[in-house]
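Numbering (my numbering), first residue to last: 3 to 146.
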């Protein structure tokens with residue numbers, strides 16, 4: 003039975019959905035911790051936070067916090083899944099390509115890992131154990 007969980011054959015099956023839920027929880031909580039850290043140090047960071055969009059450091063910091071904190075929560079529970087992932091992917095793309103663009107790979111490796119995982123999760127979808135899946139089932143008209 004364990005082999006069915008480790009090597010699921012159905013892309014929309016319960017085992018695959020369980021693996022996707024585990025990945026959502028792990029990578030959602032990891033990124034959420036970065037957002038919590040930024041939020042707790044907002045006053046100190048708002049003056050020195052990078053501003054790659056030229057909107058001001060406080061707003062750039064606020065956008066990063068939104069992408070890392072609020073969107074991570076939606077990602078974890080699978081609510082507005084792909085919409086919530088767009089700011090997460092954008093934030094990690096900016097961190098990897100712009101903020102740490104000239105740094106050695108070892109410095110920007112974490113942003114790259116997050117970016118790859120989030121792009122893949124965006125493509126794969128949330129699985130069955132997500133609020134979006136349950137909302138979709140509830141809102142879909144039943145055939146007579």
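For each residue, glycine too, the CB sits at the ideal point set by N, CA and C.
Just so you know, these numbers come straight off a predicted model, no measurement behind them.
Residue state for residue 144 is assigned as coil, using DSSP reduced to three classes. For residue 88, the uninterrupted alpha helix (DSSP H) run begins and ends at 83 to 95, by DSSP.
Between the segment 75 to 83 and the segment 121 to 141 there are three or more C-beta pairs closer than 8 angstroms, enough to call the two in contact. Counting C-beta pairs closer than 8 angstroms gives three or more between the segment 27 to 46 and the segment 63 to 70, which meets the contact rule. Where residue 61 is concerned, the enclosing alpha helix (DSSP H) starts and stops at 59 to 67.
Each of 64, 126, 24 and 88 was checked against the Cα of residue 45, and the nearest Cα belongs to 64.
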